[in-house]
Amino acid sequence: MVTLGNELRVSPMGFGCMGITAFYGPSMGDEDAVALLTAAHRAGYAHFDTSEVYAVNDGKHNETQLGNFLKTVPRDSVTVATKFYPAVYDHKCDLETVRGAVDASLSRLGLDYVDLYYCHRAPSTLDAAVEWMQSMKVLVQSGKVRHVGLSEFGTEWIRKLHAIHPVACVQQEWSLLTRNLEDTLVPVLKELGIGVVAYSPLARNLLAAPTERPADGDWRLRTVPRYSEENFAKNQELVARIAAVAEARGTTVSQLSLAWLYQRAKDVDIPMVAIPGTTKVANATSNIASLDLSLTEQEMDDLAELGKLVAGERGNEGYKAKALERWL
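Using the working numbering, the first residue of the sequence shown is number -1, and each one after it goes up by one.
Quick look at the structure:
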């Protein structure tokens, strides 16, 4: 188990549920989603991450899909994280608004409480963020929320909010190809005793060695410059070089990349849990097996140098305006 903050204990690898219903293609069917999550749980995943905004227009809601699975397992065998997205509420973060959001999420999940509740991107003003954290204090005291997290926040805001109520973890993109948090967030998080939950640890599937660009309509094509036609071709060449290292080790690009990330977190001495997502049982099983893979110092260095060659930003200007880059 990994301890985030003072008391939140979660499985070493979590399961990112977003792709089950949102952004990367059609939603999974109800039975298929439960089968996937059941297999992941049996493989060792015990932390499941979702959000109120992981939904599309086909009537499938991520929290509901996760809730269908949660009905089948003991509550104490899992930890569940979901998120409040300020833009949905016109950046209102008063207690009534936030309590309503928590209650709606709990209803969809079929739970009495959520283990971890994030502010999913920062609201428009610091005052609103402060109001959100003050609302969290009340909801933690009520028992509906056990621990509080932030996602894509700058260090000054993290300090101010942590002083109001302890922040267990910050969820941030972190992978072999995305490392801007290491010099910006990590030193402050270590100082404050806050852990990291690494989303997109496979760089939105680039480190799963895709053979072609996503299909038309995929969110990445319009939001992630690394998937532009020109950049994707360059990144395929980069991943081929990483694949050569993986082949020499008898492993996959995904496993090698995840092993690198876990070792990197140890090297910078911060508690970290990655939450790779997938819609395939084989990938879920393969990903968690990376926890048993160790890399030499030379392999770590060689891969880090390759990672610097990625073509394109992690998000376009609109994306970055709502993310960590807002403060950089």
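Just so it is clear, CB atoms sit at the ideal spot from N, CA and C, and this is done for glycine as well. Everything numeric in this text was worked out from a predicted model, so none of it was measured.
Inset, instruction - Using a threshold of 9 Å, state whether the C-beta atoms of Leu183 and Leu2 are closer than that. - result: Result no, Cβ atoms of Leu183 and Leu2 do not sit closer than 9 Å.
Inset, instruction - Determine which residues share a DSSP beta bridge with Gly248 and list them. - result: The bridge partners DSSP lists for Gly248 come to none.
Legend entry - Other residues of its chain near Met298: CB distance less than 8 Å, five sequence neighbours each side excluded: Within the same chain, Met298 has close Cβ partners Trp258, Gln261, Arg262 and Asp265.
Legend entry - Alpha-carbon spacing of Ala246 relative to Thr176, whole angstroms: Roughly 24 Å between the two C-alpha positions.
Inset, instruction - Would you kindly work out how many angstroms separate the C-alpha atoms of Ile76 and Gly98, rounded to a whole number? - result: Position check: residue 76 holds Val in this sequence, whereas Ile was assumed. Straight-line Cα distance between these residues: approximately 24 Å.
Inset, instruction - Answer with buried or exposed for Asp28, where buried requires no fewer than 16 other C-beta atoms within 10 angstroms of its C-beta. - result: Asp28 comes out exposed.
Inset, instruction - Under 6 Å Cβ to Cβ from Thr48, same chain only, skipping five residues before and after it: list those, please. - result: Counting only Cβ-Cβ distances below 6 Å, and skipping sequence neighbours, we find Cys15, Asn60, Glu61, Leu64 and Thr80.
Legend entry - Three-pair Cβ contact test at 8 Å for the stretch 155 to 165 versus the stretch 232 to 243: Result no; under three Cβ-Cβ pairs closer than 8 Å.
Inset, instruction - Just grab the DSSP bridge partners of Lys81 for me. - result: According to DSSP, Lys81 bridges with Tyr116.
Legend entry - Closest Cα partner of Gly215 within the set Met(-1), Gly17, Phe21 and Gly12: Per the C-alpha coordinates, the member of Met(-1), Gly17, Phe21 and Gly12 positioned closest to Gly215 is Phe21.
Legend entry - Proximity test, Cβ basis, 9 Å: Val308 and chain B: The displayed structure is made up of one protein chain only, and chain B is not part of it.
Inset, instruction - Give me whichever residues DSSP pairs with Val186 in a beta bridge. - result: Listed as beta-bridge partners of Val186 by DSSP are no residues whatsoever.
Inset, instruction - List the DSSP bridge partners of Val146. - result: Note: Val146 sits in a beta bridge opposite Tyr115.
Inset, instruction - Look up His39 in the DSSP assignment and give the residues it is bridged to. - result: In DSSP, His39 forms no bridge with anything.
Inset, instruction - Starting from Asp299, trace the alpha helix (DSSP H) both ways and give me its first and last residue. - result: For Asp299, the enclosing alpha helix (DSSP H) has its first and last residue at Glu295 to Gly305.
Legend entry - Among Glu210, Leu205 and Arg239, the one whose alpha carbon lies nearest that of Ser226: Nearest option by C-alpha distance: Glu210.
Inset, instruction - Report yes or no: do three or more beta-carbon pairs, one from the stretch 24 to 40 and one from the stretch 84 to 98, lie closer than 8 Å? - result: The stretch 24 to 40, when compared against the stretch 84 to 98, does not touch it at the 8 Å Cβ threshold.
Inset, instruction - Going by DSSP, name the residue or residues bridged to Gly193. - result: Looking at the DSSP output, Gly193 bridges to Cys167.
Legend entry - Cβ neighbour criterion (16 or more within 10 Å) applied to Lys58: So Lys58 ends up on the buried side.
Inset, instruction - Would you tell me roughly how many angstroms separate the C-alpha atoms of Val78 and Asp113, rounded to the nearest one? - result: In a straight line, the C-alpha of Val78 is about 5 Å away from that of Asp113.
Inset, instruction - Would you check if the stretch 88 to 95 and the stretch 122 to 138 touch, i.e. whether three or more CB-CB distances between them fall below 8 Å? - result: Judged by pairs of C-beta atoms under 8 Å, the stretch 122 to 138 touches the stretch 88 to 95, as three or more such pairs exist.
Legend entry - Residue range of the beta strand (DSSP E) that includes His16: The sequence as given places Met at residue 16; His does not occur at that position. It is not in any beta strand (DSSP E) - Met16 carries neither H nor E in the DSSP assignment.
Legend entry - Enclosing beta strand (DSSP E) for Thr1 [first to last residue]: Looking at the DSSP string, the run of the beta strand (DSSP E) that includes Thr1 is Val0 to Leu2.
Legend entry - Alpha-carbon spacing of Asp181 relative to Trp172, whole angstroms: If I take the Cα positions, the gap works out to 12 Å.
Legend entry - Assigned exposure category for Arg218 - 16 Cβ within 10 Å defines buried: Flag for Arg218 reads buried.
Inset, instruction - May I ask you to report which of helix, strand or coil DSSP gives His59? - result: His59: strand per DSSP, three-state reduction.
Inset, instruction - Compare the Cα-Cα distances from Ala201 to each of Ile268, Ala31 and Gly275 and report the closest residue. - result: Cα-wise, what sits closest to Ala201 is Gly275.
Inset, instruction - Pick out whichever of Gln169, Asn203, Ser103 and Leu137 has its Cα sitting closest to the Cα of Gly152. - result: Taking only the C-alpha atoms, the option nearest Gly152 is Gln169.
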